[in-house]
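Undergrad:
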Amino acid sequence: MSTLEGLLIFAGIPLLIVVAITVMVMAPSLAKGNQPRSGRNWQAASEWFGAPRTVRAEAAANPHQIESGPGAGYNPASAGDHDNVVMDEPGGAGDRGPRGDRDGGGDRGVATDAGATHTGAHAVRGTSAEDPSRDQTGGASVRW
Amino acid sequence: MSAGNAFTPIERHEIDRAIRDAERLSGRDFYAHVGRSAGDSRRTALALHSAVAQPASSILIHVDPTQRSVEIVTGADVRETVDDRHVALAGLSMQTAFEAGDFTRGLLAVIQQLAELARPVRNLHTDTP
Chain P
6 MSTLEGLLIF
16 AGIPLLIVVA
26 ITVMVMAPSL
36 AKGNQPRSGR
46 NWQAASEWFG
56 APRTVRAEAA
66 ANPHQIESGP
76 GAGYNPASAG
86 DHDNVVMDEP
96 GGAGDRGPRG
106 DRDGGGDRGV
116 ATDAGATHTG
126 AHAVRGTSAE
136 DPSRDQTGGA
146 SVRW
Chain L
2 MSAGNAFTPI
12 ERHEIDRAIR
22 DAERLSGRDF
32 YAHVGRSAGD
42 SRRTALALHS
52 AVAQPASSIL
62 IHVDPTQRSV
72 EIVTGADVRE
82 TVDDRHVALA
92 GLSMQTAFEA
102 GDFTRGLLAV
112 IQQLAELARP
122 VRNLHTDTP
């Protein structure tokens, strides 16, 4: 066995294996491209899951469906004091909610204010027992 | 920077399938929304939840990558069987994945856990013919 053959066998083959493993590990992330990560630099469009495709398309076409402010899209006096409103689109699918075409939906378009229950970083908290005046919804807030 | 897509078509398909499976398992409606909140993320989640077809029997997961927060909202009917502390624990399951920027894996984990939690308890004395 010459020196060149030995070098190819004992250095070349391990090197090829290392390169192959590296490519296999990095290929999925490279295929995804420049995927936006969390944080302030998040630029991706909002995405709905669980809603019919037609509603998703309309939501994508109307990214400002969620408006802040008590006067946005609905009479807040009829729904109590709140800060966020899901605007109704008269005649459109937006007024039926994300899955309004499943059962006919309704005119519901305003969130009730159940109070913020946020905690600090990496904190988890259930939300039901903190504000007795809230409505019947429950859930939790998680930070990462 | 232009607005890109947070998920590939394959990832979307996986999440859609997980939601369908969760709905079949639990009998509840599942929704997941990934995007910016209009102000407070909890209030935005509640607004989104109240806008779905049947809020009382729905579970909504709102992920705000800008605020690095996840809000899980359960409707009144769901809350009768799913304790908020268990929901919070389910939320923990996706924390590691989200920290790594893997929203798909995080969402799949929490959807599966919430489906298990919302699964109706079978009573052998009354359910067996």
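Going down the list, the sequences are from chains P and L.
According to the working numbering, the stretch in the first sequence is residues 6 to 149, in order.
According to the working numbering, the stretch in the second sequence is residues 2 to 130, in order.
Positions of the beta carbon are idealized from the N, C-alpha and C atoms, including for glycine.
Looking at the structure shown, is residue 57 (chain L) part of a helix, part of a strand, or coil, going by DSSP?
TA: Correct three-state label for residue 57 (chain L): helix.
Undergrad: Taking the alpha carbon of residue 8 (chain L) as the reference point, which residue from P:54, P:145, P:16 and P:143 has its own alpha carbon closest?
TA: Residue P:54 is the option with its Cα nearest to residue 8 (chain L).
Undergrad: What residues from chain L crowd round residue 32 (chain P), counting only those whose CB sits closer than 7 angstroms?
TA: Here the premise fails: no neighbours, minimum Cβ distance about 13 angstroms.
Undergrad: Determine the contact status of residue 87 (chain L) and residue 108 (chain L), defining contact as a CB-CB distance below 9 angstroms.
TA: No, they are not a contact pair.
Undergrad: Could you tell me the alpha carbon to alpha carbon distance between residue 39 (chain L) and residue 45 (chain L), rounded to whole angstroms?
TA: When rounded, the distance between both Cα atoms is 6 angstroms.
Undergrad: Check each candidate in L:85, L:125, L:111 and L:126 and name the one with the smallest Cα separation from residue 20 (chain L).
TA: When only C-alpha atoms are compared, the closest one is L:111.
Undergrad: Does chain P have any CB closer than 9 angstroms to the CB of residue 74 (chain L)?
TA: True, the Cβ-Cβ gap to chain P drops below 9 angstroms.
Undergrad: Residues of chain P with CB closer than 7 angstroms to the CB of residue 118 (chain L), please, in chain order.
TA: Going along chain P, no residue has its Cβ under 7 angstroms from residue 118 (chain L), so there is no contact; the nearest lies around 11 angstroms.
Undergrad: Do the CB positions of residue 17 (chain L) and residue 113 (chain L) come within less than 9 angstroms of each other?
TA: No, the pair does not count as a contact, with Cβ atoms beyond the cut-off.
Undergrad: Compare the C-beta of residue 36 (chain L) against all C-beta atoms of chain P and say whether one is closer than 9 angstroms.
TA: It does: the Cβ of residue 36 (chain L) has a partner Cβ on chain P nearer than 9 angstroms.
Undergrad: Assess, as a yes-or-no matter, whether the region 95 to 107 of chain L is touched by the region 72 to 85 of chain L under the definition of 3 or more beta carbon pairs within less than 8 angstroms.
TA: Contact fails: fewer than three Cβ-Cβ distances are below 8 angstroms.
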